[in-house]
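Undergrad: First the structure, then my questions, so here it is.
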Amino acid sequence: MELIVITRPEMLPGEATIINQLFARGLARLHVRKPGATEAELRALLELIEPRFRGRVALHHHHELANDYGITGLHFTENNRLTQSEGILEKSKSNGFTISTSIHDPKELETLAHCFDYAFLGPVFDSISKEGYSSNLPAGFRLQKHNFPNEVIALGGIHAQNLKSALEMGFDSAAVLGSIWQNPDNAIAQFENLKSLQLSLKSSQQSSFQQSSFQQSSCIPGLKPGAIDLALEMHAFAEKQIKPKAKAVHCPGFQPGDPEKKDEAGFVDRLHFISNETGTMSHIDSIRLALEAGCQWIQLRVKNRAEEEVLPIAWEATQLCDRYGARLIINDFPRVALAVQSFGLHLGLTDMPVPEARMLVGEKMVIGGTANTWDDIVRRINEGADYIGLGPFRFTNTKQNLSPILGIDGYRTLMLQMREAGHSTPIIAIGGITPDDIGGLREAGLHGVAMSGALIGATDPQKTFYQIQQALC
Numbered sequence: 002m003e004l005i006v007i008t009r010p011e012m013l014p015g016e017a018t019i020i021n022q023l024f025a026r027g028l029a030r031l032h033v034r035k036p037g038a039t040e041a042e043l044r045a046l047l048e049l050i051e052p053r054f055r056g057r058v059a060l061h062h063h064h065e066l067a068n069d070y071g072i073t074g075l076h077f078t079e080n081n082r083l084t085q086s087e088g089i090l091e092k093s094k095s096n097g098f099t100i101s102t103s104i105h106d107p108k109e110l111e112t113l114a115h116c117f118d119y120a121f122l123g124p125v126f127d128s129i130s131k132e133g134y135s136s137n138l139p140a141g142f143r144l145q146k147h148n149f150p151n152e153v154i155a156l157g158g159i160h161a162q163n164l165k166s167a168l169e170m171g172f173d174s175a176a177v178l179g180s181i182w183q184n185p186d187n188a189i190a191q192f193e194n195l196k197s198l199q200l201s202l203k204s205s206q207q208s209s210f211q212q213s214s215f216q217q218s219s220c221i222p223g224l225k226p227g228a229i230d231l232a233l234e235m236h237a238f239a240e241k242q243i244k245p246k247a248k249a250v251h252c253p254g255f256q257p258g259d260p261e262k263k264d265e266a267g268f269v270d271r272l273h274f275i276s277n278e279t280g281t282m283s284h285i286d287s288i289r290l291a292l293e294a295g296c297q298w299i300q301l302r303v304k305n306r307a308e309e310e311v312l313p314i315a316w317e318a319t320q321l322c323d324r325y326g327a328r329l330i331i332n333d334f335p336r337v338a339l340a341v342q343s344f345g346l347h348l349g350l351t352d353m354p355v356p357e358a359r360m361l362v363g364e365k366m367v368i369g370g371t372a373n374t375w376d377d378i379v380r381r382i383n384e385g386a387d388y389i390g391l392g393p394f395r396f397t398n399t400k401q402n403l404s405p406i407l408g409i410d411g412y413r414t415l416m417l418q419m420r421e422a423g424h425s426t427p428i429i430a431i432g433g434i435t436p437d438d439i440g441g442l443r444e445a446g447l448h449g450v451a452m453s454g455a456l457i458g459a460t461d462p463q464k465t466f467y468q469i470q471q472a473l474c
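Under this note's numbering, think of the first position of the sequence shown as 2, with each following residue one higher.
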């Protein structure tokens, strides 16, 4: 997870302008914490945040405003969490929200509900914004997550001089408040400095993990001769491409996939954007458009090209997704996914089987698979796919070798079979889907939708994304 920013508890002059600038510079998640604000005051602030950025907001208070503004994150303060049943928390998750909470004692991780996507733990250091709010962590503290499978975020007194120490303690990321808002005129520069520093530190931490992963996989049975050599060559090429840029303050940087990411996922996103290439738009152009609109789950789908051609595109897509805090899925190329340490891999019906890909990329990477029939669905479930892309819904120009079209009746039939068989693997509808189709697909039981042309061809992609998001909630 990338750096998180938390607002000051009081309203600040020009705060919304700074917030929009932070998002434009790549802020992945903003926690709006205004404990004393009325609903009307909070609405006034949210109105001033650009619609394309609201999906990156998490609310600490007045959760009822989330649906009105397309907000995807709900934070439960420690007191609030203790008054909620796990059923209520799970309902928030099933409604598509990312949920988080705060703890002050590391021992609370032993019993913390696993439905939380991440938890703040603090104060790790003496607070910058709260006088007298001091760290109570012992010297030499090392984070133990116990049974908690998701991310733990360092909170309290984080600044450029101690960020490295926080990550070395075992925290997945950090949340900052005082170091950003102590001098609002310097907030953007402070954020860019911290973001660049964290990306550099995380990259260094992961480099040894990547190398050992490649070496350990050299004895994987069933791999084609030279597969590991190619992956190592890809890794070496990628290191050369990214390292010279890592020192630049404005560089989005490279944040390799975290080995805990699959556990942190909690649920598969409801909107999957599929990259496309046209006569006037490259795959990277289409991904940039989707990210600027607000998409957080991006699938790079490059067809009819060799692995060595796909790798540079995948690295550029990785940088873009890191900048926006989005998850990147690589379609069809497991060794490219391994080389760039993407969040996930998607496999078509004629691609490498899921178990073979799993042996190559490891247990932590999310793997999805395409299906067209009930037999395909059963095969994917038995293979251990984390989600299934089912389609096509209707004819689409973005895919060659189209399977038989399902239509809404086909989806209803297959989803009924899923329920009767007791299967719960998330199913994503794909193929020529428009925003108007989403309501019927959700009623049929689909978890979400994959889209490409509906966003790329939209007059106002941000408005279209907001409509899609509302329909999926």
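Here a beta-carbon is modelled for each residue, glycine too, at the ideal position from N, C-alpha and C.
1) Please report how far the alpha carbon of I129 lies from the alpha carbon of E111, in whole angstroms.
2) Taking F344 as part of the beta strand (DSSP E), name the residues at either end of that continuous run.
3) Please name the residue or residues paired with Q300 in a DSSP beta bridge.
4) Could you give the distance in angstroms between the alpha-carbon of G15 and the alpha-carbon of A45?
5) Any contact between the region 137 to 157 and the region 180 to 192? By contact I mean 3 or more CB pairs, one from each, below 8 Å.
6) Taking 8 Å as the threshold (C-beta atoms), are I181 and V6 in contact?
7) Based on Cα-Cα distance, which residue from E169, F142, A340, S136 lies nearest to E308?
8) For H115 and P139, which I take to be in contact (beta-carbon distance under 8 Å), what is that distance rounded to the nearest angstrom?
9) Smallest Cα separation from E193: which of D461, L28, E42?
10) So, do the region 130 to 137 and the region 163 to 175 have three or more beta carbon pairs nearer to each other than 8 Å?
11) Return helix, strand or coil for I19, following the three-state DSSP convention.
12) Take C296 and list the residues in its own chain whose beta-carbon comes closer than 8 Å to its own, dropping the five residues that flank it on each side.
13) Would you decide whether S343 is buried or exposed? Buried here means 16 or more other CB atoms lie within 10 Å of its CB.
14) Taking all protein chains shown into account, decide if P36 is buried (16 or more other Cβ within 10 angstroms of its Cβ) or exposed.
15) Is the CB-CB distance between T426 and A451 below 8 Å?
16) Please state if the CB of E40 and the CB of H63 are separated by a distance shorter than 8 Å.
17) Considering only DSSP beta bridges, list what S103 is partnered with.
18) Whose C-beta lies closer than 7 Å to the C-beta of Q463 among residues of the same chain, with five residues either side of it excluded?
19) Counting beta carbon pairs with one atom in the region 346 to 361 and one in the region 314 to 321, are three or more of them shorter than 8 Å?
20) Can you grab the Cα-Cα spacing for the pair L442 / Q183, in whole Å?
21) Can you grab the Cα-Cα spacing for the pair G267 / L90, in whole Å?
22) What does Y134 pair with, by DSSP beta-bridge criteria?
23) Could you spell out the range, first to last residue, of the alpha helix (DSSP H) harbouring I368?
24) Would you grab the beta carbon distance between L391 and I368 for me? Rounded to a whole angstrom, and I think it's under 8 Å.
25) Can you list the beta strand (DSSP E) stretches of 3 or more residues lying completely in the region 401 to 457, in chain order?
26) Check whether the Cβ atoms of L312 and H284 lie closer than 8 Å to each other.
TA: If we stick to the structure as given:
1) Approximately 28 Å, taken between the alpha carbons.
2) Segment: none, F344 is in no beta strand (DSSP E) and carries neither H nor E.
3) I275, I330.
4) C-alpha separation (whole angstroms): 12 Å.
5) No: the two stretches stay apart, fewer than three of their Cβ pairs being nearer than 8 Å.
6) In contact: V6 and I181 (Cβ atoms closer than 8 Å).
7) Nearest option by C-alpha distance: A340.
8) No, H115 and P139 are not in contact; Cβ-Cβ is about 26 Å, not under 8 Å.
9) Out of D461, L28, E42, L28 has the C-alpha closest to the C-alpha of E193.
10) By the Cβ test, the region 130 to 137 is not in contact with the region 163 to 175, since fewer than three Cβ pairs between them sit closer than 8 Å.
11) It is helical.
12) Correct list, in chain order: L272, F274, A327, L456, F466.
13) Buried, since its Cβ has 16 or more Cβ neighbours within 10 Å.
14) Counting other Cβ atoms within 10 Å of its Cβ, P36 stays below 16 and is therefore classed as exposed.
15) No; because the gap between Cβ atoms is not below 8 Å, this pair is not in contact.
16) When the beta-carbon positions are compared, H63 and E40 come within less than 8 Å of each other.
17) Looking at the DSSP assignment, S103 forms a beta bridge with F121.
18) These residues qualify, in order along the chain: P52, R53, A294, G295.
19) No: the two stretches stay apart, fewer than three of their Cβ pairs being nearer than 8 Å.
20) Looking at the backbone, the Cα of L442 and that of Q183 are separated by about 47 Å.
21) Bear in mind that a pLDDT of 44 at G267, under 50, signals an unreliable position, so the number given afterwards is only what the model happens to contain. Looking at the two C-alpha atoms, the distance is approximately 12 Å.
22) Y134 is not bridged to any residue.
23) From DSSP, I368 is part of no alpha helix (DSSP H) but of the beta strand (DSSP E) over 367 to 372.
24) Distance from L391 to I368 at the Cβ level is roughly 15 Å; contact not present, criterion being Cβ atoms closer than 8 Å.
25) As far as the region 401 to 457 is concerned, its whole beta strand (DSSP E) runs of at least 3 residues are 428 to 431, 449 to 452.
26) No, they are not a contact pair.
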